[in-house]
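Novice: Structure incoming, see below.
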Amino acid sequence: MKQKKNKRVEKARKIKNPFLKSIPQFLKANSGKVFKRKDLSQALGVRKSDFHLFQEALKLLGGEGKIAQLKNHHYTANATLGTVEGNLQMTSRGFAFVSDDKLDSDIFIAAANINTAMDGDLVEIRLFADARGKNREGSVNRIIERARTRFVGTYRSTRHYSFVVPDANKINRDFLIHDDDSMNAKDGQKVVVELIKWQRSQLNPEGKVVQILGFPNEKGVDVSSVALDHGLELEFDAALEKAARKMKIALTPAELSKRLDLRDQLVFTVDPPDAKDFDDAISLEILENGHQRLGVHIADVSYFVQEDSPLDKEALDRGTSVYLVDRVIPMLPEFLSNKLCSLQPNEDRLAYSCFMEFDDHLNLVDYLVKPSVINSKRRYTYQEVQDVIDGKSKDKNSDTIRKMHALSRRFREQRSRNGSIDFDTPEVRFILDDKGQPVDIVPVQRMHSNEMIEEFMLLANQTVTKHVYKISPKGKILPFVYRVHEKPDKEKLQKFQDFLRALGHKITLRKNITPSQFQEVLLLLQDSKDAPLIREVALRTMMKAVYSPKNIGHFGLAFEHYTHFTSPIRRYPDLMVHRLLKEYDSPADNRRQQQLVKKLPKICQISSERERQAMEAERESVRIKQIEWISAHRDQLYEGLISGVTSFGIFVETLPFLIEGLIRMDALEDDYYIFDERTYSLTGKDTGRVLRLGDPVKVRISNIDLNRKEVDFVLVEHQSVR
Numbered sequence: 222m223k224q225k226k227n228k229r230v231e232k233a234r235k236i237k238n239p240f241l242k243s244i245p246q247f248l249k250a251n252s253g254k255v256f257k258r259k260d261l262s263q264a265l266g267v268r269k270s271d272f273h274l275f276q277e278a279l280k281l282l283g284g285e286g287k288i289a290q291l292k293n294h295h296y297t298a299n300a301t302l303g304t305v306e307g308n309l310q311m312t313s314r315g316f317a318f319v320s321d322d323k324l325d326s327d328i329f330i331a332a333a334n335i336n337t338a339m340d341g342d343l344v345e346i347r348l349f350a351d352a353r354g355k356n357r358e359g360s361v362n363r364i365i366e367r368a369r370t371r372f373v374g375t376y377r378s379t380r381h382y383s384f385v386v387p388d389a390n391k392i393n394r395d396f397l398i399h400d401d402d403s404m405n406a407k408d409g410q411k412v413v414v415e416l417i418k419w420q421r422s423q424l425n426p427e428g429k430v431v432q433i434l435g436f437p438n439e440k441g442v443d444v445s446s447v448a449l450d451h452g453l454e455l456e457f458d459a460a461l462e463k464a465a466r467k468m469k470i471a472l473t474p475a476e477l478s479k480r481l482d483l484r485d486q487l488v489f490t491v492d493p494p495d496a497k498d499f500d501d502a503i504s505l506e507i508l509e510n511g512h513q514r515l516g517v518h519i520a521d522v523s524y525f526v527q528e529d530s531p532l533d534k535e536a537l538d539r540g541t542s543v544y545l546v547d548r549v550i551p552m553l554p555e556f557l558s559n560k561l562c563s564l565q566p567n568e569d570r571l572a573y574s575c576f577m578e579f580d581d582h583l584n585l586v587d588y589l590v591k592p593s594v595i596n597s598k599r600r601y602t603y604q605e606v607q608d609v610i611d612g613k614s615k616d617k618n619s620d621t622i623r624k625m626h627a628l629s630r631r632f633r634e635q636r637s638r639n640g641s642i643d644f645d646t647p648e649v650r651f652i653l654d655d656k657g658q659p660v661d662i663v664p665v666q667r668m669h670s671n672e673m674i675e676e677f678m679l680l681a682n683q684t685v686t687k688h689v690y691k692i693s694p695k696g697k698i699l700p701f702v703y704r705v706h707e708k709p710d711k712e713k714l715q716k717f718q719d720f721l722r723a724l725g726h727k728i729t730l731r732k733n734i735t736p737s738q739f740q741e742v743l744l745l746l747q748d749s750k751d752a753p754l755i756r757e758v759a760l761r762t763m764m765k766a767v768y769s770p771k772n773i774g775h776f777g778l779a780f781e782h783y784t785h786f787t788s789p790i791r792r793y794p795d796l797m798v799h800r801l802l803k804e805y806d807s808p809a810d811n812r813r814q815q816q817l818v819k820k821l822p823k824i825c826q827i828s829s830e831r832e833r834q835a836m837e838a839e840r841e842s843v844r845i846k847q848i849e850w851i852s853a854h855r856d857q858l859y860e861g862l863i864s865g866v867t868s869f870g871i872f873v874e875t876l877p878f879l880i881e882g883l884i885r886m887d888a889l890e891d892d893y894y895i896f897d898e899r900t901y902s903l904t905g906k907d908t909g910r911v912l913r914l915g916d917p918v919k920v921r922i923s924n925i926d927l928n929r930k931e932v933d934f935v936l937v938e939h940q941s942v943r
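The number in this note's numbering is simply the position in the sequence shown, starting from 1, with 221 added.
Have a look at this one:
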């Protein structure tokens, strides 16, 4: 186990340990002062023969929060600076941080002061005196709410006891399992354990096995472990599945009267070859006045999922569909997501259509946002559409596709001129065998057909948002869900400017920088030898896009009005947007508006959290398969780029597999390297060799840790780009 019961500390409870009383008294008398362990022992006159009692008392008092244990064996009295609340952010090294808006820096929590809190828990922190270091420090006073009570790990059984070793590096305690709570799990199996109790930090948490996933080498167990450890539900409740299967489309005259009947129009979908949940379809007409009328038709999920119904509550709780390496965990039961809502070819389907009429100068001269019924005439893949664009294939819709492509390129160029920043990040997909093992890693190609659909979805998302502004009463915008992206914060912007200047580029970034100004910098430097490095650091400067009831615009896209309207099968905010659009077809009463004002912030918060949760699970599922694949190819020489530079080594991302590994500082044996945070580089003290972010390298594998999902490389060859 990672931490067994400390018998010596328990013994200190039972014997008469004078330091249990004298240490708190002394620190209280010297409140506000911080003492090293050595200085404290001297002040208390601790004899050599009693030093073990002194150490045991420090550990016990610190663990129970009776004194404040700071970094590097420093101690002080519990200061009366008050308390703050926040979510605990654990690190894999055992200490943690808590963020608080009232303070100008994160609160550092030493491992000894975490008590029984775990990563993500909402906790109350008691602050210590602000005596040293740039971070305030504190201890967990109480746990307000557990972030989770179930964890995935490996079941271990010994002669005397059983325990579960959590998969997550940020959960650094093993769970003690009593025989009656084991579900007869076998040693080495992956299980889900539920926390039963954790009374004191000196003891291990106790848990019970609630699900056996299987042995790690069994098909699907690895990815299931990732999903469950991120709090994702693999299955739907049977009652919800049953309710979904009873649903059907009722195209009554009354229903048709509320909708545009587009079943005779040329409408088609474009998706990946393995997609089943077809959210969106497109159409294009050339009008008599020469204008182009683009149609974006989105699955009308709101027809089936009623607000506050059990299905709606489940969809909100899930927030999004999750696309893992070997499966999709849908937001809605598959009967809805893959059949009834999905815009399948040659089937009547309910949709929400956004028609946009553009003149020759791409001005939006008219639009219409309204529920509809469509019948998709063809299900295209991106590759099929790309072949039409490239002239490699032809069908009866080829002329329409080429016109769509031409229109999309013009909008893409316009968006770029307006300051929209395109950070195209590479992706990979896996070819799996019948046992779920990766046999190949293939780069995902980004084609003009992908970009065409992306542009049309961006246009629809903007138009819908502008529509809500247009129909809102003067001086009062109707409650809505926006997709927002803050401009980079001043500190990150200053770091980016310092980085550019360290590379020799004398550029000043304004504090209130606009998207166009930010893009100008990237365009100005796009031909420099540092361009790939600069784009990578620029991406790290950006904030995260989130959902919000308050519109602050989207910095990265350079949009003033933006929402997510185009994927309601797989994103809850889009479903909510559809509902609001339907409501606003009629004047919204004040009572309902007030209800939405209270309701939407929580929906946006949950949706943003679920999106982050899904992205983390998706990344980890990719990481697992990358590690499995590279484990079978240990002897290869890999080409890659330096993707990260730290004080403890450099990270390298192999190409084209995008597998990241670490070259530890002690593995750089040719010199002693000095880390420069400003330039993201290591410089050899004697040789002067510089290892910089973005430099091409060749590496070999030195070690693979399957449990921690870590790869260690050794440097074989390095090429400086400067």
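Even for Gly, the Cβ is constructed at its ideal location relative to N, Cα and C.
Keep in mind that this is a model prediction, so the values were computed, not measured.
Is it true that the CB of Asn390 sits closer than 8 Å to the CB of Arg792?
Specialist: Remark: C-beta atoms of Arg792 and Asn390 do not approach each other more closely than 8 Å.
Novice: Here's the rule: buried if 16 or more other CB atoms are within 10 angstroms of the residue's CB, otherwise exposed. What is Arg731?
Specialist: exposed
Novice: Could you give the distance in angstroms between the alpha-carbon of Asn293 and the alpha-carbon of Lys249?
Specialist: 20 Å
Novice: Rounded to the nearest angstrom, what separates Thr621 and Asp611 at their Cα positions?
Specialist: 14 Å
Novice: Whole beta strand (DSSP E) runs in the segment 387-455 with 3 or more residues, listed along the chain?
Specialist: DSSP assignment within the segment 387-455 yields the following whole beta strand (DSSP E) runs of 3 residues or more, N-terminal first: 396-398, 411-418, 427-435.
Novice: Spell out the partners DSSP gives Tyr703 in its beta bridges.
Specialist: Ser769
Novice: Taking all protein chains shown into account, decide if Gln940 is buried (16 or more other Cβ within 10 angstroms of its Cβ) or exposed.
Specialist: By the neighbour-count rule (16 or more Cβ atoms within 10 Å), Gln940 is not buried but exposed.
Novice: Per DSSP, which residues does Gly861 bridge with? Please list them.
Specialist: Thr875, Val918
Novice: Could you tell me the distance, in whole angstroms, from the CA atom of Phe457 to the CA atom of Pro554?
Specialist: Rounded to the nearest angstrom, the gap between the Cα atoms of Phe457 and Pro554 is 7 Å.
Novice: Roughly how far, in whole angstroms, is the beta-carbon of Gly640 from the beta-carbon of Gln513, given that I think they are within contact range, below 8 Å?
Specialist: Rounded to the nearest angstrom, the Cβ distance from Gly640 to Gln513 is 24 Å, too far for a contact under 8 Å.
Novice: Three-state secondary structure (DSSP) at Lys617?
Specialist: coil
Novice: Inspect the CB distances between the segment 837-853 and the segment 907-916 and report whether three or more fall short of 8 Å.
Specialist: no
Novice: If we count the other Cβ atoms within 10 Å of its Cβ and call it buried at 16 or more, is Lys765 buried or exposed?
Specialist: exposed
Novice: Give me the DSSP bridge partner(s) of Gly516.
Specialist: BP columns for Gly516 point to Ser504, Phe576.
Novice: Kindly give me the distance between the Cβ atoms of Ile863 and Gly905, rounded to whole angstroms, as I take these residues to be in contact under 8 Å.
Specialist: No, Ile863 and Gly905 are not in contact; Cβ-Cβ is about 14 Å, not under 8 Å.
Novice: Tell me which same chain residues have a C-beta within less than 7 Å of the C-beta of Ser670, skipping the five on either side of it?
Specialist: Val491, Tyr603, Val606, Gln607, Ile610
Novice: Please report how far the alpha carbon of Asp533 lies from the alpha carbon of Ser769, in whole angstroms.
Specialist: 19 Å
Novice: For Leu309, list the residues DSSP reports as bridge partners.
Specialist: Val319
Novice: Any idea what DSSP makes of Gly354, helix, strand or coil?
Specialist: Per-residue confidence for Gly354 stands at a pLDDT of 46, beneath the threshold of 50, marking its modelled position as unreliable; the derived number appears in the next sentence. The answer is coil: DSSP assigns Gly354 none of H, G, I, E or B.
Novice: How far does the alpha helix (DSSP H) with Asp260 in it reach, from first residue to last?
Specialist: 258-264
Novice: Would you call the segment 461-475 and the segment 573-586 touching, i.e. three or more CB-CB distances under 8 Å?
Specialist: no
Novice: By Cβ distance below 8 Å, which residues in the same chain neighbour Val526 in space, the five residues on each side in sequence not counted?
Specialist: Leu532, Asp533, Ala536, Leu553, Leu557, Leu796
Novice: Between Asn682 and Thr787, is the Cβ-Cβ spacing less than 8 Å?
Specialist: Yes, Cβ-Cβ distance for Asn682 and Thr787 is below 8 Å.
Novice: Are Ile328 and Leu343 close, meaning C-beta to C-beta below 8 Å?
Specialist: Remark: C-beta atoms of Ile328 and Leu343 do not approach each other more closely than 8 Å.
Novice: Please go through the segment 779-867 and give each complete alpha helix (DSSP H) segment of 4 or more residues, from N-terminal end onward.
Specialist: 793-804, 811-852
Novice: Measuring straight from C-alpha to C-alpha, what distance separates Ala496 and Val918?
Specialist: 37 Å
Novice: Is the CB of Ala338 under 8 Å away from at least one CB in chain D?
Specialist: In the structure shown, chain D does not exist; there is a single protein chain.
Novice: The alpha helix (DSSP H) that contains Phe869, what's its start and end?
Specialist: No alpha helix (DSSP H) holds Phe869; DSSP gives it neither H nor E.
Novice: Which runs of the beta strand (DSSP E) at least 3 residues long sit entirely within the segment 518-603? Give them in chain order.
Specialist: 569-579, 585-596, 599-602
Novice: Taking only the alpha-carbon atoms, compute the straight-line gap between Asp661 and Glu672 and give it to the nearest angstrom.
Specialist: 26 Å
Novice: Could you give the DSSP three-state label for Thr301: helix, strand or coil?
Specialist: Any answer about Thr301 is weak, because its pLDDT of 48 lies below 50 and its placement is not dependable; what the coordinates show is given next. DSSP places Thr301 in coil when its eight states are reduced to three.
Novice: My output table needs one value for Ala289: the three-state DSSP class, helix, strand or coil.
Specialist: strand
Novice: Between the segment 692-702 and the segment 629-637, do three or more beta carbon pairs fall short of 8 Å?
Specialist: no
Novice: Can you give me the Cβ contacts of Pro239 inside the same chain, cut-off strictly under 7 Å, excluding the 5 residues immediately before and after it?
Specialist: none
Novice: Could you say if the segment 366-377 and the segment 409-425 meet the contact criterion of at least three C-beta pairs nearer than 8 Å?
Specialist: Touching, per the Cβ criterion.
Novice: Which residues in the same chain have their Cβ closer than 7 Å to the Cβ of Tyr544, if we skip the five residues on either side of it in sequence?
Specialist: Taking Tyr544 as the centre and dropping the five residues before and after it, the same chain places the C-beta of Glu839 closer than 7 Å to its C-beta, in chain order.
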